[in-house]
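Notes follow once the structure below has been shown.
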Amino acid sequence: MILHMSKVRVLGPGDRLPEVLGVVQDVGLLHLAQASAGPGLQPVELSGAQQRRRRHLRRILEDLDASTTALGCPEDRSPPSPAEPNTAALARVARRVRRTAEQLQSRIGALEEERELLEKYRPVFAAFDALLTTGSAWSQGRAYHIILRFGQARIGSLLREHLAESLGAEFELRQHPLPGGETAVLLLVPASAAGAVERLLSEGRVQEIPLPSGYSGAPAEAIPAMKRRIAAIPAEITARRSEQANLRGTHCARLREARAALRDGLARIEALPLSVGTGHAFVLEGWLPADARPGFTRRLARDVGETIVVEELARERWAAEAAPVVLSNPRLFRPFELIVRMMPLPRYGSLDPTPFVAVFFPMFFGLMLGDVGYGAALALLSLVLRHRSKPDTTVRAVSEIAGAGAAFTVVFGLIYGEFFGDLGRRWLGMRPWFDREESVIPFLGLAVALGLVHVLIGLGLGVASALRGHPRVALGRGITAVMVGLVLVGLLAALEVLPAALFTPSVVGILVAFPVLILAEGIVAPVELLSTLGHILSYARIMALGTASVMLAVVANRMVGALGSTVVGVVFALLFHLVNFALGLFSPTIHALRLHYVEFFGKFYSPGGIRYRPLTHWTPSPNHQA
Amino acid sequence: MDILAVTLSAALAVGIPALATAWAQSRIGPAAAASLAEKPELSTTAIIMVAIPETMAILGFVVAVLILLRAGG
Numbered sequence: 005m006i007l008h009m010s011k012v013r014v015l016g017p018g019d020r021l022p023e024v025l026g027v028v029q030d031v032g033l034l035h036l037a038q039a040s041a042g043p044g045l046q047p048v049e050l051s052g053a054q055q056r057r058r059r060h061l062r063r064i065l066e067d068l069d070a071s072t073t074a075l076g077c078p079e080d081r082s083p084p085s086p087a088e089p090n091t092a093a094l095a096r097v098a099r100r101v102r103r104t105a106e107q108l109q110s111r112i113g114a115l116e117e118e119r120e121l122l123e124k125y126r127p128v129f130a131a132f133d134a135l136l137t138t139g140s141a142w143s144q145g146r147a148y149h150i151i152l153r154f155g156q157a158r159i160g161s162l163l164r165e166h167l168a169e170s171l172g173a174e175f176e177l178r179q180h181p182l183p184g185g186e187t188a189v190l191l192l193v194p195a196s197a198a199g200a201v202e203r204l205l206s207e208g209r210v211q212e213i214p215l216p217s218g219y220s221g222a223p224a225e226a227i228p229a230m231k232r233r234i235a236a237i238p239a240e241i242t243a244r245r246s247e248q249a250n251l252r253g254t255h256c257a258r259l260r261e262a263r264a265a266l267r268d269g270l271a272r273i274e275a276l277p278l279s280v281g282t283g284h285a286f287v288l289e290g291w292l293p294a295d296a297r298p299g300f301t302r303r304l305a306r307d308v309g310e311t312i313v314v315e316e317l318a319r320e321r322w323a324a325e326a327a328p329v330v331l332s333n334p335r336l337f338r339p340f341e342l343i344v345r346m347m348p349l350p351r352y353g354s355l356d357p358t359p360f361v362a363v364f365f366p367m368f369f370g371l372m373l374g375d376v377g378y379g380a381a382l383a384l385l386s387l388v389l390r391h392r393s394k395p396d397t398t399v400r401a402v403s404e405i406a407g408a409g410a411a412f413t414v415v416f417g418l419i420y421g422e423f424f425g426d427l428g429r430r431w432l433g434m435r436p437w438f439d440r441e442e443s444v445i446p447f448l449g450l451a452v453a454l455g456l457v458h459v460l461i462g463l464g465l466g467v468a469s470a471l472r473g474h475p476r477v478a479l480g481r482g483i484t485a486v487m488v489g490l491v492l493v494g495l496l497a498a499l500e501v502l503p504a505a506l507f508t509p510s511v512v513g514i515l516v517a518f519p520v521l522i523l524a525e526g527i528v529a530p531v532e533l534l535s536t537l538g539h540i541l542s543y544a545r546i547m548a549l550g551t552a553s554v555m556l557a558v559v560a561n562r563m564v565g566a567l568g569s570t571v572v573g574v575v576f577a578l579l580f581h582l583v584n585f586a587l588g589l590f591s592p593t594i595h596a597l598r599l600h601y602v603e604f605f606g607k608f609y610s611p612g613g614i615r616y617r618p619l620t621h622w623t624p625s626p627n628h629q630a
Numbered sequence: 477m478d479i480l481a482v483t484l485s486a487a488l489a490v491g492i493p494a495l496a497t498a499w500a501q502s503r504i505g506p507a508a509a510a511s512l513a514e515k516p517e518l519s520t521t522a523i524i525m526v527a528i529p530e531t532m533a534i535l536g537f538v539v540a541v542l543i544l545l546r547a548g549g
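Residue numbers (the working numbering), protein chains in the order written: chain Y, 5 to 630; chain F, 477 to 549.
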């Protein structure tokens, strides 16, 4: 549900506004809004000193954020110290730490890049080492270190033929294969033949190995230097990391604390222009949950004094569209708020679909995946995610949604008699209550029937939400719901699933309801009605994905006997089950989401709600710590 | 009924919508990726947009199953 909000106005002596904002921040409940100016009430503007302080705080915070990121400071959600630090000293420290931390980070990054680049040359070093030690020493002349790419091996023999023709026996050409399919070639020729050899290499489009920047000269000299460098880099990285760790140990706690305190200070300064004043008094306006209003009033009176007045604005004096939205649901449903929050929030005064999502989303998911084995695997995955996440994080919510999906998957798996496809029936003697592998048409009927129920609930919620402000829309949605029911009854009667006697009354009902629908919704009503019928048929995807899932699982099991070797068959079957499990997580999730967002929400959902952001103490986002 | 005609009909019933879905997704996918690069908060809308044309393939699959079952029955 969406919490009932109160809009309050806080009035007090102008000089006590900063103090009041401090208490409001401590309480952490008031979502501030721009207070309405009126006769004698002017918007409060920041003084020159306050503007300078705001700029100063922003600059320090930029340095603090960059420092903590560069140092990799772990986030800490402990409350900040109430005292604001000495900003002049802090600004100097933050700038210095930022500069040092960024230099260290950049140096470590450069060293790692250099190591990575040189590591790519390691097989080449080994190849040329082998070439140099297997043959006779070549003290005079010119050495060429060449890498022939995959597919260029023939060039090696052509080169040898050409060199034999022009130089006779006065050259050595040694080859060594590299792990990637390339070939290392060491070519040794007399210095007098260097020009001819280079022409030959150029014609054959063969180049010497490209050396990394910083290594010039012949490869014969560069390669030993590169080997020395690659040996030295790890020690340099360790030294830099140790410097980084020292810096982290010295500064992280202080920087984190200062960052939180400064963010709080900045938030209070930025809240000042939201108020209006007379020169002697100030007026603040904002929303808070209605239940919390008495406590808020008492706290202000206790901490600031009786000179502060908190009055509630009557509901008629504010528009619902301007009020922030707080979703509040029972513990069991709360993780599913994540699915609702993935869309723009519902508008204040409209309906929160979370309870419906909490029931139907895992149900649709389970209906599609429906397998005891896959359900157990998903439950395991959900437990691991839960164990590794912290409360109130996205990962925790995902783990709980996965847990609900796993429960429904196991339940429907028992109903379908499936355990990794047909293994349950073959090995465990499971008996299906509903065999979806065989009963394709009843499964299709079940899917569409669920769609009908879901869409009718959506239309019902649409009627309920439109009834207050838009009775004509409510009438249109109600008539659409009735007509959908009548169309269905008529179809089932025509197909003799329902008694044929119901056909005529349903057709008469449709003929009567149709003009009313056009009057209520206009000329687009028939299109809307057809679209609603299409939405119901869209739930056939539950059957389609479910059937595809069970068929893939059965095919995976049949691989064991079909590939000749049992071991190969089992490996393929396991791989196939793994792929099917991955698909089984992804596809049902996407399609269950789509059924909610498009088919269900489309009937009643009013997006455009404003997120509730009370003035409160800053804490790092919980998702940073998941 | 001629088994060739039945299987061909079922294959066309699922194949043509699948091609249509693939074509639609090939147009929506890059557009969604480009939108996400500029506005990551549109990820839900992007996923839904990419999933919308799958309805064609899914309904094609349902029709193909119905063709095969009718012929089998």
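We treat Cβ as the ideally placed atom computed from N, Cα and C, and that holds for glycine.
With fewer than three CB-CB distances shorter than 8 Å, the stretch 470 to 479 of chain Y does not count as touching the stretch 380 to 389 of chain Y.
Rounded to the nearest whole angstrom, the C-alpha separation of residue 116 (chain Y) and residue 77 (chain Y) is 21 Å.
Look at residue 148 (chain Y) here: in three-state DSSP terms it is strand. Taken in chain order, no unbroken stretch of beta strand (DSSP E) lies wholly in the stretch 317 to 377 of chain Y with a span of 3 residues or more. Cβ contact annotation for residue 512 (chain F) (same chain, cutoff 8 Å, sequence separation greater than five): 518, 519, 522, in chain order. Residues of chain F with a Cβ closer than 8 Å to the Cβ of residue 544 (chain Y) are, in chain order, 534, 535, 538. Of all alpha-carbon atoms in Y:181, Y:40, Y:241, the one lying nearest the alpha-carbon of residue 113 (chain Y) is that of Y:241. Taking residue 366 (chain Y) as the centre and dropping the five residues before and after it, the same chain places the C-beta of 408, 409, 412 closer than 6 Å to its C-beta, in chain order. For chain Y, the residues of the stretch 515 to 529 of chain F that bring a beta carbon within less than 9 Å of one of its beta carbons are 519, 520, 521, 523, 524, 526, 527, 528, in chain order.
Fully enclosed alpha helix (DSSP H) runs of no fewer than 4 residues are not present anywhere in the stretch 479 to 505 of chain Y. Taking a cut-off of 8 Å for Cβ pairs, the stretch 517 to 531 of chain Y and the stretch 391 to 399 of chain Y do not touch, as fewer than three such pairs fall below it. Contact annotation: residue 485 (chain Y) and residue 460 (chain Y) have beta-carbon atoms nearer than 8 Å. Per DSSP, residue 9 (chain Y) is not a residue of any alpha helix (DSSP H); the beta strand (DSSP E) it occupies stretches across 9 to 17.
Contact between residue 448 (chain Y) and residue 492 (chain Y) fails: their C-beta atoms lie close to 14 Å from each other, not under 8 Å. The C-beta of residue 483 (chain F) comes no closer than 8 Å to any C-beta of chain Y. Counting every other CB atom within 10 Å of its CB across the protein chains shown gives residue 190 (chain Y) a total of 16 or more, marking it as buried. A Cβ-Cβ contact shorter than 8 Å links residue 34 (chain Y) with residue 28 (chain Y).
Within the same chain, and ignoring the five residues on either side of residue 374 (chain Y) in sequence, the residues whose Cβ sits closer than 8 Å to its Cβ are 413, 416, 417, 419, 420, 422, 440, 550, 553, 554. Residue state for residue 127 (chain Y) is assigned as helix, using DSSP reduced to three classes.
The Cβ atoms of residue 65 (chain Y) and residue 270 (chain Y) sit closer than 8 Å to each other. If you draw a 10 Å sphere on the C-beta of residue 291 (chain Y), you find 16 or more other C-beta atoms in it, and that means buried. Assignment of residue 286 (chain Y) by DSSP, reduced to helix, strand and coil, places it in the strand class.
Using a C-beta cut-off of 8 Å, the stretch 236 to 256 of chain Y makes no contact with the stretch 52 to 63 of chain Y, since fewer than three inter-stretch Cβ pairs fall below that distance.
Taken in chain order, the unbroken stretches of beta strand (DSSP E) that lie wholly in the stretch 225 to 311 of chain Y and span 3 residues or more are 285 to 293.
With distances taken between CA atoms, residue 62 (chain Y) lies nearest to Y:95 out of Y:95, Y:330, Y:278, Y:43.
Burial check for residue 154 (chain Y): the Cβ neighbour count within 10 Å stays below 16, so the residue is exposed. Under DSSP, no beta-bridge partner is assigned to residue 107 (chain Y). Distance between residue 311 (chain Y) and residue 273 (chain Y), taken at the CA atoms: about 22 Å. Annotated as distal: residue 510 (chain Y) and residue 603 (chain Y), with beta-carbon spacing of 8 Å or more. Look at residue 67 (chain Y) here: in three-state DSSP terms it is helix.
Interface annotation for the stretch 341 to 362 of chain Y against chain F: 346, 347, criterion Cβ-Cβ distance under 8 Å. Within the DSSP secondary-structure output, residue 543 (chain F) pairs in no beta bridge.
Assignment of residue 423 (chain Y) by DSSP, reduced to helix, strand and coil, places it in the strand class. Non-local C-beta neighbours of residue 468 (chain Y) in its own chain, meaning closer than 6 Å and more than five positions away in sequence, are absent. Taking a C-beta distance under 8 Å as the contact criterion, residue 213 (chain Y) and residue 151 (chain Y) qualify as a contact pair.
Going by C-alpha positions, residue 268 (chain Y) is about 14 Å away from residue 259 (chain Y).
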